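A.B. asks: Each residue of the sequence shown is one higher than the one before, starting from 7 at the first, in my numbering.
C-beta atoms are modelled at their ideal positions from N, C-alpha and C, and glycine is treated no differently.
This one's a predicted model, so the numbers in the text were calculated from it and none came from an experiment.
What follows is a single structure, and I will ask about it in a moment.
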Amino acid sequence: MNTITLPVKRPFNWKVFLFVLVLVILASFAVIPYSFTVTSIPLDSDVMLLVIASTFVNALIYGGLAAAGLYLAGRIGLGLPFVEGWLKKEPIRGKFRGVVVTAVIVGIVVGIAIIVLDIVVFGPPMQAEFQSLNVTIPETIQPPAWQGFLASFYGGIVEEVLLRLFFMTLLAWLGGLVFHDSEGRPAVFVIWSANILAAVIFGLGHLPTAIAIGIPLTALFVTRTVVLNGIGGVAFGW
7 MNTITLPVKR PFNWKVFLFV LVLVILASFA VIPYSFTVTS IPLDSDVMLL VIASTFVNAL
67 IYGGLAAAGL YLAGRIGLGL PFVEGWLKKE PIRGKFRGVV VTAVIVGIVV GIAIIVLDIV
127 VFGPPMQAEF QSLNVTIPET IQPPAWQGFL ASFYGGIVEE VLLRLFFMTL LAWLGGLVFH
187 DSEGRPAVFV IWSANILAAV IFGLGHLPTA IAIGIPLTAL FVTRTVVLNG IGGVAFGW
């Protein structure tokens, strides 16, 4: 795959920001049906108005993080090259095709690796541990497929804005203040360190959900959560 290099110290691109902000708002609202089904919250007009208001506020907060991430990315040669190129009406089809093929292959490999690790490596010992602790994992409601499909955009857009566009970029920028090349780009090990740390935080971010449904945070369970989510996180950051 060809490496895409962006200039450093680029001016803030308002078109890219507005594009990302619209995606964040749409993705934030797309997850609402899934959330209502999973939590079994009765839907009435008052609740719906509260949800809409809080969702819009959260979307604006994530939009602010996106703005910060885009600004810092522009300072160190990172960013959203395909979005920038598309908005500038530049020819991007050739490079985009190569990245899509790589992303699909990596996605399939990572997906298989996560499933195998969960079933073969973590599944048996974790089940035995839960049995010894008399822990029963509660059954969860399975929302319709269309709700899961819509909710996937939240993970693919909003969570990536938080963890990759903002947090990983922030770490890379901070590390680049010390370790950088002559143009001001962070050293390669800084980028990879930021990627791995963001992936670990991504995994840890799933633990509150486990706590909410009564799963004890044993060392094995925490390790499983961080490893399985971290594998995907590193791939997403790459």
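Quick check: the Cα distance between THR229 and LEU27, rounded to an integer number of angstroms?
C.D. replies: 34 Å
A.B. asks: For the putative contact between ALA205 and VAL240, defined by C-beta atoms under 8 Å, what is the C-beta separation to the nearest angstrom?
C.D. replies: 5 Å
A.B. asks: Suppose the cutoff is 7 Å on Cβ atoms and the five residues either side in sequence are ignored; what does the same chain contact list for GLY238 look like?
C.D. replies: VAL116, ILE120
A.B. asks: Kindly indicate which residue of THR61, ALA216, SER188, PHE172 has the alpha-carbon position closest to the one of ALA73.
C.D. replies: PHE172
A.B. asks: Would you tell me roughly how many angstroms separate the C-alpha atoms of LEU24 and LEU71, rounded to the nearest one?
C.D. replies: 13 Å
A.B. asks: In the DSSP assignment, find the alpha helix (DSSP H) that holds PRO222 and state where it starts and stops.
C.D. replies: Segment: none, PRO222 is in no alpha helix (DSSP H) and carries neither H nor E.
A.B. asks: If you follow the alpha helix (DSSP H) that ILE207 is part of, which residue opens it and which one closes it?
C.D. replies: 194–210
A.B. asks: Along the alpha helix (DSSP H) that carries TYR160, what are the first and last residues, could you check?
C.D. replies: Careful: TYR160 lies outside any alpha helix (DSSP H) and carries neither H nor E.
A.B. asks: Does the distance from the CB of VAL37 to the CB of ALA178 come in under 8 Å?
C.D. replies: no
A.B. asks: Measuring alpha carbon to alpha carbon, tell me which residue in VAL141, PRO131, PHE185 is nearest GLY220.
C.D. replies: Here the closest residue by C-alpha is VAL141.
A.B. asks: From LEU168 to VAL89, what does the alpha carbon distance come to, in whole angstroms?
C.D. replies: 18 Å
A.B. asks: Please classify GLU166: is it buried, with 16 or more other beta-carbons within 10 angstroms of its beta-carbon, or exposed?
C.D. replies: buried
A.B. asks: Is it true that the CB of PHE128 sits closer than 8 Å to the CB of TYR77?
C.D. replies: no
A.B. asks: So with Cβ pairs under 8 Å, would you call TRP198 a contact of chain D?
C.D. replies: Protein chain content of the structure displayed is limited to a single chain, and chain D is not contained in it.
A.B. asks: Entirely within the region 11–55 and at least 4 residues each: give me those alpha helix (DSSP H) ranges in chain order.
C.D. replies: 20–36, 38–45
A.B. asks: Could you give the distance in angstroms between the alpha-carbon of THR215 and the alpha-carbon of TYR160?
C.D. replies: 16 Å
A.B. asks: Note the first and the last residue of the continuous alpha helix (DSSP H) segment covering GLY129.
C.D. replies: 129–138
A.B. asks: Pop quiz: GLY69 and VAL30 are said to be a contact at Cβ under 8 Å. What is the actual Cβ separation, rounded to whole angstroms?
C.D. replies: 5 Å
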